[in-house]
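Residue numbers (this note's numbering): 21 to 339. Please read the structure below before turning to the comments.
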Amino acid sequence: MTYVIVHALAPIFVIMLLGFFAGKAKMVDNKNVSLLNIFVMDFALPAALFSATVQTPWEGIVKQSPMSVVLVLAMWITYAAIYFLATKVFKKSPQDAAVLTLTVALPNYAALGLPILGSVLGEGPSTSLSVAVSIACGSVLMTPFCLMILEREKARAAGEAAGSTLAMLPVLMWRSLKKPIVWGPLLGVILSAIGIRMPDLLLSSIKPLGMSATAAALFLTGVILSARKLKINTVVCTATITKLLIQPFIAWGIVMALGLSGPIAITAILMIALSAGFFGVVFGNRFGVQSPDAEAVLLLSSVLSILSLPLFISLTSGM
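Below is the structure:
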């Protein structure tokens, strides 16, 4: 099992290392990655998420609803707790806290979901469906929180708004919904729900763009990291422990409370137990927000998940 996990993590580190090398060697300007960021955030990732959600049968999404409830609650609880700690205890700015919390709360479904789940439950349509639903839950029900905070602080810095967050909420929601990274997967879910099937020609046309999404995002993350000096501190340690241990046990508690068992319960816990995702770091860079803590958590959790994932795979084996 450790071999499977290392095998799944290897591409992540290799692609990030290539981006890191490209930035250090000045093959890519690691101080100005706006063009690469636009490609990842406005084209590649939205295409990948739209393809994943629009091709997911609505009946399958409904059957996966118990798992979705566990994932969403575990992510929301973690997001709220880390954001509170980051802003109230560690005195981080709202922007920095938003990037950090999204990095911690949203697991790396896109890169690790299929290989890890496939190795435990076997590869097949149901496994692919579970991963697609997990990605949809994260992109539609998690990322807007981060985007709204980033948009709010951007508006306040520009002097466009000085009211409360509640008063600004309609504007912030609209600005978030206009982002391709949000409306792409949301549109896919809506089309799936009403039974509209996309033409094969359209799906095959955007498939290469979607296939490049994870690699491009990881390469971009490596480039971003090449311009930073990573430091391990209390915030990073707290966030990493939360991601790898506390959040999966939160999911476990929700699974027990809902009385779930079998593949659905195993899937929900293992999806949450994955290492931190790269969305937070990429989102922050899109808004000019640098979060060294989020970057450190991304790397540290990816390395330490080699130890934590076998633990939860073993613990869930009897469910």
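Even glycine gets a Cβ: it sits at the ideal position worked out from N, Cα and C. Predicted model, so just to flag it, every value in this text is computed and none were measured.
DSSP-derived helix/strand/coil call for residue i
| i | result |
| --- | --- |
| A296 | strand |
| P330 | helix |
| P77 | coil |
| P127 | strand |
| F110 | coil |
| R306 | helix |
| A100 | helix |
| K199 | coil |
| M162 | coil |
| G208 | helix |
| I32 | helix |
Rounded separation between residue i and residue j - CA only
| i | j | result |
| --- | --- | --- |
| S13 | L290 | This structure leaves residue 13 out entirely; the chain is present only between 21 and 339. |
| I214 | G179 | 41 Å |
| L294 | V124 | 10 Å |
| S232 | S311 | 25 Å |
| V151 | P127 | 11 Å |
| K83 | V153 | 10 Å |
| K227 | W194 | 28 Å |
| T258 | L222 | 44 Å |
| L319 | L250 | 9 Å |
| M332 | G138 | For the record, residue 332 in the displayed sequence is Phe; it is not Met. Distance between the alpha carbons of F332 and G138: 15 Å. |
| F165 | E171 | 10 Å |
Nearest residue (CA-CA) to residue i, options the options
| i | options | result |
| --- | --- | --- |
| T241 | Y129, A28 and G304 | G304 |
| D313 | S146, N253 and L141 | N253 |
| S23 | A285, A237 and P135 | A small fix is needed here, since residue 23 is Tyr in this sequence, not Ser. Y23 has its Cα closest to that of P135, out of A285, A237 and P135. |
| G39 | N57, A28, A296 and S71 | N57 |
| S71 | K174, L211 and V48 | L211 |
| L65 | L278, F110, G158 and K111 | G158 |
| D49 | S246, I201 and F269 | S246 |
Residue interval of the alpha helix (DSSP H) (run including residue i)
| i | result |
| --- | --- |
| G230 | D220 to M231 |
| F59 | S54 to F59 |
| M47 | Neither: M47 is in no alpha helix (DSSP H) and is coded neither H nor E. |
| I266 | Premise fails: I266 is in no alpha helix (DSSP H) and is neither H nor E. |
| M339 | First-last for M339: undefined, no H or E at that position. |
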